[in-house]
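> Counting along the sequence shown from 1, when you hit position 73 you're at 73 in the UniProt record's numbering, and nothing is skipped either side. Heads up, the beta-carbon is just placed ideally off N, CA and C, and yes, glycines get one too. Treat the numbers as computed from the prediction; the structure is a model and nothing was measured. The structure follows.
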Amino acid sequence: MPRYFIDTDDDTFALRDDVGHDLVDLRAARDAAHRALPDMARQKMPDSEHRTFRASVRDESGAVVYVATLVLAGVWMVTPPIC
């Protein structure tokens, strides 16, 4: 089974996956990248109204084979509350 590495970046912290995941194929690796993005956004949402989250998939040779990006863009339509 091929090994894929899912590297993540949330605009402030990049994490390189040095362990990897044994996944059946490229589609399964893409799905793993997609699953990582909402978790990243949930952890960072209180910090900012604008942030880009990225999950990159590398194959066993180290080549990037897929990149998924999730953009969080919040816009207040009223005066924001004071915290």
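#1: For the beta strand (DSSP E) that contains R27, what are its first and last residues?
#2: Count the other C-beta atoms from every protein chain shown that fall within 10 angstroms of the C-beta of G10, then say buried if there are 16 or more, exposed otherwise.
#3: Use the C-beta contact count for R54: other C-beta atoms within 10 angstroms, 16 or more gives buried, fewer gives exposed.
#4: Along the chain, where does the beta strand (DSSP E) that runs through T69 open and close?
#5: Determine which residues share a DSSP beta bridge with residue 99 and list them.
#6: Report the residue from A73, Q43, A68 and G74 whose alpha carbon sits nearest the alpha carbon of R27.
So, to answer that:
#1: First-last for R27: L26 to K44, but that is the alpha helix (DSSP H), not the beta strand (DSSP E).
#2: Per the sequence shown, residue 10 should be read as Asp rather than Gly. Counting Cβ neighbours within 10 Å, D10 comes out buried, since at least 16 surround it.
#3: Label assigned to R54: buried.
#4: Its beta strand (DSSP E) spans residues V64 to A73.
#5: What is shown of the chain runs 1 to 83, which leaves residue 99 out entirely.
#6: Nearest to R27 by C-alpha distance, out of A73, Q43, A68 and G74, is A68.
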